[in-house]
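Let me begin by presenting the structure, written as structure tokens, before commenting on it.
Protein chains: 2
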Amino acid sequence: MVKKKDLTTEEKILDAARKVFIEKGLDGARMQDIADRAGINKAMLHYYFRNKEKLFEVIFQEVASRLFPKMVAIMSSDLSLFDKIRQFTHDYLETVMENPYLPLFVLNEVNKQPEVFVKNMFGNQMPPVLILVNQIEAEIKEGIIKPISPLHLIINMLSLCIFPFVSKPIIMQTMNMDELQFRNIIEQRKTQIAEFIIESIKK
Amino acid sequence: MVKKKDLTTEEKILDAARKVFIEKGLDGARMQDIADRAGINKAMLHYYFRNKEKLFEVIFQEVASRLFPKMVAIMSSDLSLFDKIRQFTHDYLETVMENPYLPLFVLNEVNKQPEVFVKNMFGNQMPPVLILVNQIEAEIKEGIIKPISPLHLIINMLSLCIFPFVSKPIIMQTMNMDELQFRNIIEQRKTQIAEFIIESIKK
DNA sequence: GTCTATAACTCGATAGAC
DNA sequence: GTCTATCGAGTTATAGAC
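Chains A and B, in that order, give the protein sequences.
The first sequence begins at 138 in the working numbering and counts up one residue at a time.
The second sequence begins at 138 in the working numbering and counts up one residue at a time.
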């Protein structure tokens, strides 16, 4: 196991900042809190990252770029629609299960600054969602799946993947669940979501 | 139309506070901002609600109790499962479309204080979700629907309803949508979600 | 009840020694 | 690079006149 001692100061700061920002959000996070968890002095935060906003920006970019590119790649791949759905849902749940609080964190910040986000994520290239839209339309035409609005289908898939994490505390509390049981539910969903969707659209 | 003049000071404060808290969250909200939007002095906020936290608590309870009881009633009603799904999805989307930012607001605060929330919402009575679980199990036994985990089915229904609002800015930006187009999508989903679910579970 | 003025405090940021 | 000490802006909260 890697101890704190082995990390550079910069790494210690980033580790602490990631935790605090994800837990508290930009407004709720305290530089003192980050410094304490990193085991260093508050002044060091400014020495390395100049100010709170810059530090947050680094964390957000790091987190978002860990989350999106993989999914975009699947959406743009040349798999059949059914296999795409299977792989996307499976991989997404696997990725996020390691950091269940990431989705809410990202959604919050995107809601506060919508324009900035999308620009940074996709640049000027055609959003990969459109590729998927085209594929869905094609498979409808070929008679592989029932007619359905591509946009709704995509929203449905994302909803089924992401929402359980966003509502994790509600699910756990109302169903009297512990952490392990929640992991189990997600584990089941890795295959169930795809089945659920495909069952609804297959001919 | 009702003018500000006709409202009591307390109502003016609550209206302003609701907007600001929902938009900025507890940490991001400023008492000065609330006072300005209410058209009164900052000191009045404390006169009526003692402090920021107390004011927030009032708003949160008010918002949550506007959102949940109706849904709970549908879940506990004696409709058939298919009709329940149809009515729940339709009514939920209708209710939330008036305040698209409510879900994220509620989810955020629940994530920060999970225990408090569920206690306040359901008290000691059996969570209405369990009633729905029983009904789903019964309809599976009767052969009306395919075997499916009741819990997953409920999570799926909630996901499909709520997530589009939570990810509103992402959807709008990536699909190049304006406010009206988004409303249209939600309008379509009022019937599409139920169809999508039923198509997947019907025999 | 409502206002002005200000106290009390939190927190991000900086200065400066080592 | 790292620390201690402190500043100063911004915010919540209160005192006190009307």
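Built from N, CA and C at the ideal position, the CB exists for glycine as well.
Computed from a predicted structure; not experimentally measured.
The three-state secondary structure of Lys339 of chain A, taken from DSSP, is strand. The beta carbon of Gly162 of chain B is closer than 7 Å to those of Asn245 in its chain, skipping five residues each way along the sequence. Looking at the DSSP output, Ile282 of chain B shares a beta bridge with B:Lys339.
In this structure, the straight-line span from the alpha carbon of Val243 of chain A to that of Ile299 of chain A is close to 11 Å.
DSSP places Arg167 of chain B in the coil class of the three-state scheme, outside both helix and strand.
At a C-beta separation below 9 Å, Ser337 of chain A has these neighbours in chain B: Glu332, Phe333, Ile334, Ile335, Glu336, Ser337 and Ile338. Using a Cβ-Cβ cut-off of 7 Å, Ser296 of chain A counts as an interface residue toward chain B, since at least one Cβ of chain B sits closer than that to its own.
For Gln325 of chain B, the C-beta contacts it makes with chain A under 8 Å involve Ser286 and His289, in order along the chain. Using a CB distance cut-off of 7 Å, Gly165 of chain B counts as an interface residue toward chain A. The Cβ neighbour count for Val247 of chain B, taken over all protein chains shown within 10 Å, is at least 16; the residue is labelled buried.
Scanning B:Ile292, B:His289, B:Ile322 and B:Met168 for the CA closest to the CA of His183 of chain B turns up B:Met168. Annotation for Asn178 of chain B: Ala172 place their beta carbon closer than 8 Å to its own, counting only its chain and skipping 5 residues before and after.
In the structure shown, Asn178 of chain B adopts coil according to DSSP, grouped into three states. Take Glu147 of chain B, set aside five residues on each side of it, and the residues of its chain with a beta-carbon closer than 6 Å to its own are Tyr185, in chain order. Contact between the region 224-238 of chain A and the region 319-328 of chain A is present: three or more C-beta pairs spanning the two stretches fall below 8 Å. Burial state of Val253 of chain B is exposed, judged by a 10 Å Cβ sphere holding fewer than 16 other Cβ atoms.
With a cut-off of 8 Å on Cβ pairs, the region 267-281 of chain A is not in contact with the region 215-224 of chain B, counting fewer than three such pairs. For the region 153-182 of chain B, residues whose beta-carbon sits nearer than 7 Å to a beta-carbon of chain A comprise Gly162, Asp164 and Gly165. Chain order gives the chain B residues near Leu244 of chain A as Leu241, Val303 and Ser304, where near means a beta carbon separation below 7 Å. Here the alpha carbon of Ile292 of chain B sits roughly 42 Å from the alpha carbon of Gly176 of chain B. Within its own chain, the residues whose Cβ lies closer than 7 Å to the Cβ of Lys207 of chain A, once the five positions on either side in sequence are excluded, are Asp228 and Thr232, listed in chain order. Cβ neighbours of Lys340 of chain A within its own chain (closer than 8 Å, five residues either side excluded): Gly280, Ile281, Ile282 and Lys283.
About 4 Å separates the Cβ atoms of Pro306 of chain A and Pro251 of chain B, confirming a contact at the 8 Å cut-off. Residues of chain A whose Cβ lies closer than 8 Å to the Cβ of Pro251 of chain B are, in chain order, Pro306, Ile307, Met309 and Gln310.
Not flagged as an interface residue toward chain B: Asn236 of chain A, since no C-beta distance is shorter than 7 Å. Pro240 of chain A carries a helical assignment under DSSP once its states are collapsed to helix, strand and coil.
Boundaries for Met314 of chain B: no alpha helix (DSSP H) harbours it, and the DSSP string shows neither H nor E there.
Contacts with chain A at 7 Å (Cβ-Cβ) include Ile292 of chain B. For Asn248 of chain A, the neighbours in chain B by C-beta distance under 7 Å run, in chain order, Leu241 and Pro306. Each of B:Arg187, B:Asn313, B:Leu144 and B:Gln198 was checked against the Cα of Phe158 of chain B, and the nearest Cα belongs to B:Gln198. Chain B has a Cβ within less than 7 Å of the Cβ of Gln329 of chain A. Between Met309 of chain B and Asn271 of chain B, the alpha-carbon positions lie close to 38 Å from each other. Straight through space, the alpha carbons of Lys156 of chain B and Lys189 of chain B are spaced by roughly 14 Å. By the criterion of a C-beta distance shorter than 8 Å, Met294 of chain B is surrounded in its chain by Ile222, Phe225, Thr226, Ile330 and Ile334, once the five residues flanking it on both sides are discounted. Here Ser202 of chain A is exposed: its Cβ has fewer than 16 other Cβ atoms, across all protein chains shown, within 10 Å. Take Phe205 of chain B, set aside five residues on each side of it, and the residues of its chain with a beta-carbon closer than 8 Å to its own are Met258, in chain order.
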